[in-house]
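Novice: In my numbering, the protein residues as written are 189 to 389.
Now the structure itself:
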């Protein structure tokens with residue numbers, strides 16, 4: 189089950205907006221561990237995640253005057269991190285193997301949680317794409333990416349070879365990616381659309 193987003197007292201946000209370093213430290217303490225885990229699940233690289241985390245809070249401090257205490261602060265903070273993650277995706281967009289791993293990580297993240305790191309429309313696109321997979325391919329995807337089973341475990345469970353598991357998983361990810369590419373429109377997506385735009389050439 190996904191963890192609910194933490195609530196931040198509006199007075200604390202007003203203090204941050206006014207440049208209060210203590211308020212900033214409190215907000216960092218609340219959100220840094222959550223953002224770290226979210227980014228790590230997607231990017232799989234601790235050095236990159238730590239860099240993005242630092243940059244996220246640096247930008248938060250620089251843009252503190254734009255904070256509206258009455259609006260959803262969590263969404264605002266996550267959006268900053270999202271755009272920094274997008275920059276990483278763009279830098280690595282020519283690495284096909286890494287693209288595949290990022291897609292696998294994104295799909296895995298979706299299967300594990302329904303947090304707003306992926307917008308509602310993004311989640312719906314992925315959900316529809318998964319539902320359209322052939323039954324066996326869908327089963328392998330869920331076993332590998334939701335239940336975190338190894339290829340060997342899935343092969344033994346389904347009575348197939350490890351190579352078949354690998355091939356079917358690659359095909360599942362490719363089909364989901366293609367579906368999202370064909371279905372995404374305009375401002376509908378945040379991370380996925382920009383990640384995808386890196387792959388169109």
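All residues carry an ideal CB built from backbone N, CA and C; glycine is no exception. Keep in mind it's a predicted model, so treat the numbers as computed, not measured.
Could you round the C-beta distance between residue 255 and residue 204 to whole angstroms and report it? I think they count as a contact, below 8 angstroms.
Specialist: Confirmed, Cβ separation roughly 6 angstroms.
Novice: Give me, in chain order, the residues of the same chain whose beta-carbon lies closer than 6 angstroms to that of residue 231; leave out the 5 immediate sequence neighbours on both sides.
Specialist: 237, listed in sequence order.
Novice: What does a CB cutoff of less than 6 angstroms around residue 252 pick up in its chain, not counting 5 residues either side in sequence?
Specialist: Closer than 6 angstroms at the Cβ level, and outside the excluded window around residue 252, lie 204, 205.
Novice: Residue 260 by DSSP, collapsed to three states: which one?
Specialist: Coil.
Novice: So which of 245, 258, 241, 233 has the shortest CA-CA distance to residue 201?
Specialist: Comparing Cα positions, the closest option is 258.
Novice: According to DSSP, is residue 326 helix, strand or coil?
Specialist: Correct three-state label for residue 326: helix.
Novice: Could you work out which residue in 265, 341, 260, 367 is closest to residue 312 when comparing CA atoms only?
Specialist: The candidate whose alpha carbon is nearest that of residue 312 is 367.
Novice: Please classify residue 334 as buried or exposed, where buried requires at least 16 other C-beta atoms within 10 Å of its C-beta.
Specialist: Exposed, since its Cβ has fewer than 16 Cβ neighbours within 10 Å.
Novice: What's the gap between the Cα of residue 349 and the Cα of residue 343?
Specialist: Straight-line Cα distance between these residues: approximately 5 angstroms.
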